[in-house]
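Read through the structure below, which is laid out as structure tokens, and then see the notes.
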DNA sequence: GACGTGCGAGAACGAGCGTTCTCGCCGACG
DNA sequence: CGTCGGCGAGAACGCTCGTTCTCGCACGTC
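Residue numbers (our numbering), protein chains in the order written: chain W, 15 to 207; chain L, 15 to 207.
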């Protein structure tokens, strides 16, 4: 038996790294085979096509991102700190060496117009994150948690894009500060600092 | 004489529409030839390679977006209204039928890691927009116009991505409202509404 | 009218892709 | 020990792509 990590996990891990760094269409199956160290036949018996592998890649990213986010938020109990923890998590992530923007925005721009499966996976992920942010906003007692949740989602996506393009974590810091301002204004309009 | 529009403009127009809607790598030169109604030979004597056409596409988009943005802002004289006009322009744009997110974020996700030319064009565009937003922020008398400009850039990019993925102009409205809150807080901290 | 010349349509070429097939090997089982 | 079945390496196949070439046609000049 294959001791440590299952074959499927190895394939997905290699595909994830390559798709995320170079984009989906720039990466061929041969490159995934080389990176995963498995045969092409094994890839095709785990995933019937490249499209299926791409959708599995997106599902895996979705699970990873939301789990990591929730774990970071769970370190805090104060509602405002829980919202800000989202941007602290973002800051740590974008500052690492293997950050290349939002995999979902990238995949959507590349394939969303022509692949219903990709478009669906991206919309599901973004809706789930927005729902989570709305819940965090609700905890704070904000006047309009729906709107605040959407605004936090906008900040999150914009900060990811900007951090990737400028290759700097500064947008995450700016987004965090913006989130704090929006949050305080939504909870106690016009309050003193 | 070629009557109306020059050949180069026709090619660029067709390439722009196709690249922007479907992504760069999904669109072949044949499709651009069909859409532009010119011969493949003419395309290659205007642009020496597909890469050159892609960079011309990005330069054209940069010019179009910044010009349209500045014209919309120029309708107003009040500094706060000038900042908000950015998001009004965004709202009108994303609400139209031919909006497909930010062409620069999409191109960067698709090609930025492997094409220095694309990465450079994208960084230049984003830096120019951020600089423009910083200038608008400066006009308002904000305490830290650099930071406010960056925050507006984050809102702009995030709203574009979210509007594209959710296929709705709501993120533009949310971003506009967030911009107003950030702006007022940056100009007069803790002021009453 | 003869001739060169630039042009468009489409074939051609070489490379790369996703996917499948071939073949030689090795371990399981009677 | 003989046979069979699954496996990996890599070739093969059909397709698409970026780029170049061919060929036939229309047109300006003597």
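From the three backbone atoms N, C-alpha and C, an ideal C-beta is built for every residue, glycine too.
Computed from a prediction, not measured in an experiment: that's the story for all the values here.
I'd like to know whether the C-beta of residue i is nearer than 9 Å to at least one C-beta of chain L.
{"i": "residue 140 of chain W", "result": "yes"}
{"i": "residue 168 of chain W", "result": "yes"}
{"i": "residue 20 of chain W", "result": "no"}
{"i": "residue 113 of chain W", "result": "no"}
{"i": "residue 175 of chain W", "result": "yes"}
{"i": "residue 75 of chain W", "result": "no"}
{"i": "residue 125 of chain W", "result": "yes"}
{"i": "residue 161 of chain W", "result": "yes"}
{"i": "residue 149 of chain W", "result": "no"}
{"i": "residue 16 of chain W", "result": "Residue placement at residue 16 of chain W is flagged as unreliable, the pLDDT there being 40, under the threshold of 50; the coordinate-derived value follows with that caveat. Chain L, which has no Cβ nearer than 9 Å to the Cβ of residue 16 of chain W, makes this no."}
Who are the Cβ neighbours of residue i in its own chain at under 6 Å, not counting the five residues just before and after it?
{"i": "residue 61 of chain W", "result": "67"}
{"i": "residue 176 of chain L", "result": "185"}
{"i": "residue 133 of chain W", "result": "126"}
{"i": "residue 118 of chain W", "result": "136 and 139"}
{"i": "residue 19 of chain L", "result": "none"}
{"i": "residue 201 of chain W", "result": "154, 155 and 156"}
{"i": "residue 122 of chain L", "result": "136"}
Just the C-alpha distance for residue i and residue j, rounded to the nearest angstrom, thanks.
{"i": "residue 22 of chain W", "j": "residue 30 of chain W", "result": "12 Å"}
{"i": "residue 113 of chain W", "j": "residue 120 of chain W", "result": "12 Å"}
{"i": "residue 13 of chain W", "j": "residue 106 of chain W", "result": "This structure cannot settle anything about residue 13 of chain W, because the visible part of chain W is limited to 15 through 207."}
{"i": "residue 148 of chain W", "j": "residue 97 of chain W", "result": "10 Å"}
{"i": "residue 87 of chain L", "j": "residue 27 of chain L", "result": "25 Å"}
{"i": "residue 100 of chain W", "j": "residue 138 of chain L", "result": "29 Å"}
{"i": "residue 77 of chain W", "j": "residue 58 of chain W", "result": "23 Å"}
{"i": "residue 173 of chain W", "j": "residue 172 of chain L", "result": "7 Å"}
{"i": "residue 195 of chain L", "j": "residue 159 of chain L", "result": "15 Å"}
{"i": "residue 125 of chain L", "j": "residue 71 of chain W", "result": "19 Å"}
{"i": "residue 189 of chain L", "j": "residue 56 of chain L", "result": "43 Å"}
{"i": "residue 37 of chain W", "j": "residue 129 of chain L", "result": "12 Å"}
{"i": "residue 74 of chain L", "j": "residue 104 of chain L", "result": "18 Å"}
{"i": "residue 95 of chain W", "j": "residue 44 of chain W", "result": "45 Å"}
{"i": "residue 183 of chain W", "j": "residue 165 of chain L", "result": "13 Å"}
{"i": "residue 111 of chain L", "j": "residue 90 of chain W", "result": "43 Å"}
{"i": "residue 48 of chain L", "j": "residue 54 of chain L", "result": "9 Å"}
{"i": "residue 161 of chain W", "j": "residue 39 of chain L", "result": "36 Å"}
{"i": "residue 178 of chain L", "j": "residue 116 of chain W", "result": "14 Å"}
{"i": "residue 157 of chain L", "j": "residue 198 of chain L", "result": "10 Å"}
{"i": "residue 109 of chain W", "j": "residue 35 of chain W", "result": "15 Å"}
{"i": "residue 204 of chain W", "j": "residue 102 of chain W", "result": "26 Å"}
{"i": "residue 141 of chain L", "j": "residue 181 of chain W", "result": "12 Å"}
{"i": "residue 63 of chain W", "j": "residue 63 of chain L", "result": "31 Å"}
Among residues of its own chain, excluding the 5 on either side of residue i, which ones have a beta-carbon nearer than 8 Å to its beta-carbon?
{"i": "residue 143 of chain L", "result": "79, 80, 83, 167 and 170"}
{"i": "residue 93 of chain W", "result": "150, 153, 154 and 155"}
{"i": "residue 24 of chain L", "result": "50, 51 and 52"}
{"i": "residue 46 of chain W", "result": "25, 28, 29, 32, 57 and 67"}
Give a yes or no on whether the minimum CB-CB distance between residue i and chain W is below 9 Å.
{"i": "residue 137 of chain L", "result": "yes"}
{"i": "residue 25 of chain L", "result": "no"}
{"i": "residue 152 of chain L", "result": "no"}
{"i": "residue 48 of chain L", "result": "no"}
{"i": "residue 215 of chain L", "result": "The requested residue 215 of chain L does not occur in the structure, where chain L is confined to residues 15 to 207."}
{"i": "residue 80 of chain L", "result": "no"}
{"i": "residue 172 of chain L", "result": "yes"}
{"i": "residue 121 of chain L", "result": "yes"}
{"i": "residue 109 of chain L", "result": "no"}
Considering only residues of the same chain and omitting the five flanking positions on each side of residue i, which have a CB-CB separation below 7 Å?
{"i": "residue 131 of chain W", "result": "65 and 69"}
{"i": "residue 163 of chain W", "result": "144, 147, 148 and 151"}
{"i": "residue 192 of chain W", "result": "169"}
{"i": "residue 41 of chain L", "result": "32 and 33"}
{"i": "residue 187 of chain W", "result": "105"}
Chain W contacts from the segment 28 to 41 of chain L (Cβ-Cβ distance under 7 Å): For the segment 28 to 41 of chain L, residues whose beta-carbon sits nearer than 7 Å to a beta-carbon of chain W comprise 35, 36, 37, 39 and 40.
So if I threshold CB-CB distances at 8 Å, which residues from the segment 84 to 107 of chain L count as touching chain W? Residues of the segment 84 to 107 of chain L with a C-beta less than 8 Å from any C-beta of chain W: none at all.
Using a Cβ-Cβ cut-off of less than 8 Å, list which residues of the segment 182 to 206 of chain W approach chain L; keep chain order. Going along the segment 182 to 206 of chain W in chain order, one finds 184, 185, 188, 189, 191, 192, 195, 196, 199, 203, 204, 205 and 206 with a Cβ nearer than 8 Å to chain L.
Please list the residues of the segment 50 to 70 of chain L that have a C-beta atom closer than 7 Å to any C-beta atom in chain W, keeping them in chain order. Listed by position, the residues of the segment 50 to 70 of chain L near chain W (Cβ gap below 7 Å) amount to none.
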